[in-house]
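One structure below.
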Amino acid sequence: PLLYALRSRGLSGAKIGCGLGQCGSCTVLVNNEAMRSCVVPIESVAGKNIVTIEGLGSEQKPDPVQAAFVEEDALQCGFCTPGMVMSVAAALRKNPSASEDEIRHAVAGNICRCGTYPHVFAAALKVARASGPAKGNA
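What follows is the structure, given as structure tokens:
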């Protein structure tokens, strides 16, 4: 799987969770689409643009989603955080002014055992509102 190839190259941000594509901790962007790297065969992404949490931004210049996650305290243990960030980033790349419903849909497959979902939604909406007109919330 893509996840093992990434981790063997020192990219450990995508976490090994369920191994079945159900928890979202291994989410990466493949051509700007959120994908569960634990179930993506490496040969299926040859020649495609793959972005992991390590490539989304840096400590000096974080991606707006990363910055909002920090500002909104949208993490606790941190295990699910990279996958959540990547799912939100994919949703906002598709629709920069996504609604809360759209954000909820985008992270529906990401499991957070610590229950930080309200903070995740707040962080995502902060970025979406900065990008364009606000839409109705759930």
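Residue numbers for the sequence shown follow the working numbering, so the first one is 568 and each next one is one higher. The beta-carbon is built from N, C-alpha and C at its ideal position, and this holds for glycine as well.
Worksheet item: Span of the alpha helix (DSSP H) holding Val637?
Response: Position 70 of the sequence shown, counted from the first residue, corresponds to residue 637. Element bounds for Val637: Pro631 to Glu638.
Worksheet item: Is Glu626 helix, strand or coil when you go by DSSP?
Response: Mapped onto the sequence shown, residue 626 falls at position 59. DSSP places Glu626 in coil when its eight states are reduced to three.
Worksheet item: Is there contact here, the stretch 634-641 with the stretch 686-697, by at least three beta-carbon pairs under 8 angstroms?
Response: Taking 8 angstroms as the limit for Cβ pairs, the verdict is that the stretch 686-697 does touch the stretch 634-641.
Discussion item. Assuming the contact rule is C-beta atoms closer than 8 angstroms, Ile609 and Cys593 should be a hit. Round their C-beta distance to whole Å, please.
Written reply: Here the question's residue 609 lines up with position 42 in the sequence shown. Here the question's residue 593 lines up with position 26 in the sequence shown. Actually they are not in contact, since the Cβ atoms of Ile609 and Cys593 sit about 13 angstroms apart, beyond 8 angstroms.
Practice prompt. Identify whether Ala601 lies in helix, strand or coil by the three-state DSSP scheme.
Written response: Taking the sequence shown and counting its residues from 1, the one referred to as residue 601 is at position 34. DSSP places Ala601 in the strand class (E or B) of the three-state scheme.
Discussion item. Quick check on the DSSP output: what are the complete alpha helix (DSSP H) runs of length 4 or more inside the stretch 660-691, in order along the chain?
Written reply: Those alpha helix (DSSP H) runs which fall completely within the stretch 660-691 and span 4+ residues are 667-673.
Fill in: Rounded straight-line distance, which links the Cα of Ser575 to that of Glu669
What you label residue 669 is simply residue 102 of the sequence shown in a count that begins at 1. What you label residue 575 is simply residue 8 of the sequence shown in a count that begins at 1. Going by the C-alpha atoms only, they are around 33 angstroms apart.
Worksheet item: Is the stretch 605-624 touching the stretch 643-653 in the sense that three or more CB pairs, one from each, lie closer than 8 angstroms?
Response: A contact exists between the stretch 643-653 and the stretch 605-624.
Discussion item. If distances are taken between C-alpha atoms only, which option among Ser604, Pro649 and Gln643 comes closest to Gly624?
Written reply: Sequence index remark: in the sequence shown, residue 624 carries index 57 (1-based). Nearest Cα to Gly624 within the set Ser604, Pro649 and Gln643: Pro649.
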